[in-house]
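**Q**
Protein chains: 2
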Amino acid sequence: MPPTPPVPERRPHTGRRRNEAARQAILAAARRLLAAGGGEPVTVDSLAREAGIGKQTIYRWWPSKGAVLLEALTSTARDQVSTPDTGALESDLAAFLCDLFQAGTAPDNAAMLGTLLAEAARDPQVADLLRDFTRTRRGDLRTIVERARERGETAAGTDVDLLVDQAFGVYWFRFLSGHAPLTPEVARTLARTLALGAR
Amino acid sequence: MPPTPPVPERRPHTGRRRNEAARQAILAAARRLLAAGGGEPVTVDSLAREAGIGKQTIYRWWPSKGAVLLEALTSTARDQVSTPDTGALESDLAAFLCDLFQAGTAPDNAAMLGTLLAEAARDPQVADLLRDFTRTRRGDLRTIVERARERGETAAGTDVDLLVDQAFGVYWFRFLSGHAPLTPEVARTLARTLALGAR
DNA sequence: CTGTTGACGAGACCGTGAGTCTCGTCTGAC
DNA sequence: GTCAGACGAGACTCACGGTCTCGTCAACAG
Chain A
1 MPPTPPVPER RPHTGRRRNE AARQAILAAA RRLLAAGGGE PVTVDSLARE
51 AGIGKQTIYR WWPSKGAVLL EALTSTARDQ VSTPDTGALE SDLAAFLCDL
101 FQAGTAPDNA AMLGTLLAEA ARDPQVADLL RDFTRTRRGD LRTIVERARE
151 RGETAAGTDV DLLVDQAFGV YWFRFLSGHA PLTPEVARTL ARTLALGAR
Chain B
1 MPPTPPVPER RPHTGRRRNE AARQAILAAA RRLLAAGGGE PVTVDSLARE
51 AGIGKQTIYR WWPSKGAVLL EALTSTARDQ VSTPDTGALE SDLAAFLCDL
101 FQAGTAPDNA AMLGTLLAEA ARDPQVADLL RDFTRTRRGD LRTIVERARE
151 RGETAAGTDV DLLVDQAFGV YWFRFLSGHA PLTPEVARTL ARTLALGAR
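Going down the list, the sequences are from chains A and B. Quick note: the first sequence, position 151, residue 151 per full-length UniProt numbering, numbers continuous. Quick note: the second sequence, position 24, residue 24 per full-length UniProt numbering, numbers continuous.
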């Protein structure tokens, strides 16, 4: 998700150069604000103030507020979830889901996600970026399931995409609605029933 | 979800009475606008204009814009999904999920839900109301699963809540992300794997 | 019939927040 | 040294949710 350069001109660049420190300050401020409160909205003004930069500098690097927040999320969420290879589907799933639930309910990340979803609901561009993000996560889980298929652990007609979506669906549904917990025990139970349903 | 009377005074009421027609006009306008475009936001002004009433009349009957939209949704979504009783878990699930997927992806309802979710993301009160709504839908599905348990179709340790959330999770996840379809065939496959996983 | 009460449509108004514009300053390539 | 252009600061516009006011209209009391 490279921040869009405002215009990809070929003209040789003169003048003052872009300040990478400012870019990092903005992302760091976004992470702090997203993680700070229980979902209170992050405004562009507060973001600029927290980063100690001018609003215009934000819009020089990103097309919208949501794009900043999303990049702040993805740059931290990357590598918080592993794709384990224990040799058996159920234990692979259990490990993956434990990681997912833990990373996804840690207060900082949860506040980030909540704010970000509110942003995505209003800004289609952010929604697209968020879709890209979830696509890679689904890909990780697919990898696990397909390894199991190669080992012959799943029935021939198993719908891998559906299995993956059952797992993420429980996560997102409970995360959004908050009506039931996302504990490691739930992760293990879910892993067991998914592995069972795939046979 | 009775619209909150502005103040429950005991003083005998004189003066002009509330206009039920205006209330219905507002709800009808909300349904039209929600269903109209591909998620373009419904503003209070557009709602008042469409209904041919004053903004203040909206706020006399509902606490916020989101509350109106949610009532418009629930008053139409009620009774669009049945709780079949075919005598077997898998076919009950299949029927329920087919209904859910069909009602939930009909263009009108889908546009409604999308707009409503954007509203819920910003307005905690709407989020609460939406939670209530999903709670009753989960209750419907729970009924189906518990009937199966009484027939001895599920294993003793089955986590009914988790099973329910797997079903709704797939629906919401795919609805929100739009990365995969919600066809009757998917509903049947999901019903099969869920019934299998519960044994 | 007449007066009082309160809902009504219309629309001015306010606060907030996203995004743009302007300005004076500073930095680096030439 | 000069000039393009990125910077911080902050004024500005616009859209939208929600409130307030006003003149009108309908239902009840007397």
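Glycine is no exception: its CB is placed at the ideal position from the N, C-alpha and C atoms.
With a CB to CB cut of under 6 Å and the five nearest residues on each side skipped, what residues in its chain are close to valine 164(B)?
**A** Here the set comprises Arg138, Leu141 and Arg142.
**Q** Using beta-carbon positions only, say whether alanine 94(A) and arginine 192(A) come within less than 9 Å of one another.
**A** yes
**Q** Can you pull the chain B neighbours of phenylalanine 173(A), defined as C-beta to C-beta under 8 Å?
**A** Asp165, Phe168, Gly169, Trp172 and Phe173
**Q** If contact means a Cβ-Cβ distance below 7 Å, which residues of the stretch 107-132 of chain A contact chain B?
**A** When CB distances to chain B are screened at a threshold of 7 Å, the residues of the stretch 107-132 of chain A falling below it are Leu117, Ala118, Ala121, Arg122 and Arg131, in chain order.
**Q** Would you say aspartate 99(A) and alanine 148(A) are within 9 Å of each other, going by their C-beta atoms?
**A** No, they are not a contact pair.
**Q** For my contact list, serine 177(A) and threonine 134(B) are in at a C-beta cut-off of 8 Å; report their separation, rounded to the angstrom.
**A** 6 Å
**Q** Please list the terminal residues of the continuous alpha helix (DSSP H) segment that includes glutamine 125(A).
**A** 124-150
**Q** Applying the 10 Å Cβ sphere with the 16-neighbour rule, what's the burial state of threonine 183(B)?
**A** exposed
**Q** Starting from valine 160(B), trace the alpha helix (DSSP H) in both directions and tell me its first and last residue.
**A** Valine 160(B): member of the alpha helix (DSSP H) spanning 160-177, first to last residue.
**Q** Keeping to the same chain, check which residues put their C-beta closer than 7 Å to that of alanine 180(A); ignore five residues upstream and five downstream.
**A** Arg174
**Q** Could you please give the first and the last residue of the uninterrupted alpha helix (DSSP H) stretch that includes tryptophan 61(A)?
**A** 55-61
**Q** Applying a beta-carbon distance threshold of less than 7 Å, which residues of chain B neighbour valine 186(A)?
**A** Leu162
**Q** Relative to the alpha-carbon of alanine 21(A), which residue among Glu40(A), Ala35(A), Ile144(A) and Ala51(A) has its alpha-carbon at the smallest distance?
**A** Ala51(A)
**Q** Suppose the cutoff is 8 Å on Cβ atoms and the five residues either side in sequence are ignored; what does the same chain contact list for proline 41(A) look like?
**A** Correct list, in chain order: Thr115 and Ala118.
**Q** Would you verify that the beta carbon of glycine 104(B) is, or is not, closer than 9 Å to some beta carbon of chain A?
**A** no
**Q** In terms of alpha-carbon separation, which member of Ala29(B), Leu33(B), Leu194(B) and Val126(B) lies closest to alanine 111(B)?
**A** Leu33(B)
**Q** What residue range does the alpha helix (DSSP H) around valine 68(A) cover?
**A** Where valine 68(A) is concerned, the enclosing alpha helix (DSSP H) stretches over 65-77.
**Q** Could you tell me whether the Cβ of proline 84(B) comes closer than 9 Å to any Cβ of chain A?
**A** no
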